[in-house]
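Everything in the sequence shown is counted per the working numbering, starting at 5 for the first residue and increasing by one.
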Amino acid sequence: MKKMFAKLMAAAMVVSGLCMGTANAVDYVPFSDVSPDSWYYGAVAMAYDTGYMSGYPDGTFHPNATITRAECAAILNRMKDYDAQIFGIYTYQDVPSTAWYADAVNSVGEVMGGVDVLTSNNDILNPDLAMFYPEAACTRIDFCQGIPTTIDIANTGSYDGTIHHFTDNSLMNAYEVETISALYNAGIVSGNPDGSFSPNSTISRAEVAQIISNFVQWNMNQQS
Numbered sequence: 005m006k007k008m009f010a011k012l013m014a015a016a017m018v019v020s021g022l023c024m025g026t027a028n029a030v031d032y033v034p035f036s037d038v039s040p041d042s043w044y045y046g047a048v049a050m051a052y053d054t055g056y057m058s059g060y061p062d063g064t065f066h067p068n069a070t071i072t073r074a075e076c077a078a079i080l081n082r083m084k085d086y087d088a089q090i091f092g093i094y095t096y097q098d099v100p101s102t103a104w105y106a107d108a109v110n111s112v113g114e115v116m117g118g119v120d121v122l123t124s125n126n127d128i129l130n131p132d133l134a135m136f137y138p139e140a141a142c143t144r145i146d147f148c149q150g151i152p153t154t155i156d157i158a159n160t161g162s163y164d165g166t167i168h169h170f171t172d173n174s175l176m177n178a179y180e181v182e183t184i185s186a187l188y189n190a191g192i193v194s195g196n197p198d199g200s201f202s203p204n205s206t207i208s209r210a211e212v213a214q215i216i217s218n219f220v221q222w223n224m225n226q227q228s
């Protein structure tokens, strides 16, 4: 935890300077498609500087592009607390052991949403028949559902169990509503201007970067 906090603190200090328009901003946001006046500039800077997200070989970030479930699993795996241990119980049929994302999916896939655990002939859940859909676009609930487990938010004392009433809570199960409420109350996620959360909408790379930036700030507050 101390190493993680030191890393986040250093990154936050750098990005704080970037947001005020320092001359070295381009050194930390080296993406041709991330403008300094974009709403996600500081978030991308934080996500990049902490190493939670990276860009593409051509120097772009694609802030408005959707992000795959495999990519989100990799990010969640990087966000995981040094002391956290998440033991995967599934053997995903659609995640080859040689895939670049295999280790990350096997580590945190279990706590993400959108996993199908098929049933065997005797109708007992069989972890060996799970599907992860690594190349599918990640939804807001799929990504957010994995955050509280990877950073163990429940044991920080920052969530008192209060449920936030988004207008579309009915689209989520009780566990998902509790998860999103915890993240909302911690300031890690927010809803839409109309009061909804849109759990089944795909999440963009810029939105993921913003959640990471909020997570870093939340983590620092827990250490202060």
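Glycine is no exception: its CB is placed at the ideal position from the N, C-alpha and C atoms. Please read all numbers here as calculations on a predicted model, not as lab measurements.
Next on the checklist: Comparing C-alpha positions only, which one of 94, 79, 101, 195 sits nearest to residue 168?
Outcome noted: Here residue 168 corresponds to residue number 164 of the sequence shown, with the count starting at 1. The residue with the shortest Cα to Cα distance from residue 168 is 195.
Checklist entry - If you draw a straight line from the alpha carbon of residue 215 to that of residue 96, how long is it in whole angstroms? => result Position 211 of the sequence shown holds residue 215. Position 92 of the sequence shown holds residue 96. Approximately 27 angstroms between the Cα atoms of the pair.
Checklist entry - Taking the alpha-carbon positions, what's the residue 149 to residue 104 distance? => result Taking the first residue of the sequence shown as position 1, residue 149 is located at position 145. Taking the first residue of the sequence shown as position 1, residue 104 is located at position 100. Rounded to the nearest angstrom, the gap between the Cα atoms of residue 149 and residue 104 is 22 angstroms.
Checklist entry - Got a sec, what are the start and stop residues for the alpha helix (DSSP H) residue 222 sits in? => result Locating residue 222 in the sequence shown gives position 218, counting from the first residue. It spans 209-227 - the alpha helix (DSSP H) in which residue 222 sits, taken as one unbroken run.
Checklist entry - Near residue 188, what residues of its chain come up, given a Cβ to Cβ distance below 6 angstroms and the 5 sequence neighbours on each side ignored? => result Counting from 1 along the sequence shown, the entry for residue 188 is found at position 184. 168.
Item to check | Three-state secondary structure assigned by DSSP to residue 27 | outcome: Residue mapping note: residue 27 aligns to position 23 of the sequence shown, counting from 1. With a pLDDT of 27 at residue 27, under the threshold of 50, the modelled position of this residue cannot be trusted; read the value that follows with caution. Residue state, collapsed to three classes: coil.
Checklist entry - With a CB to CB cut of under 6 angstroms and the five nearest residues on each side skipped, what residues in its chain are close to residue 47? => result The residue labelled residue 47 in the question sits at position 43 within the sequence shown. Hits under 6 angstroms: 213, 214, 217.
Next on the checklist: Taking the alpha helix (DSSP H) that residue 183 belongs to, which residues open and close that run?
Outcome noted: Here the question's residue 183 lines up with position 179 in the sequence shown. Where residue 183 is concerned, the enclosing alpha helix (DSSP H) stretches over 178-189.
Next on the checklist: Tell me the DSSP secondary structure of residue 53 in three-state form.
Outcome noted: Counted from its first residue, the sequence shown places residue 53 at position 49. Helix at residue 53.
Checklist entry - So residue 83 is in the alpha helix (DSSP H); what residue range does that whole segment cover? => result For the purposes of this step, residue 83 is identified with residue 79 of the sequence shown, where counting begins at 1. From DSSP, the alpha helix (DSSP H) with residue 83 extends over 73-83.
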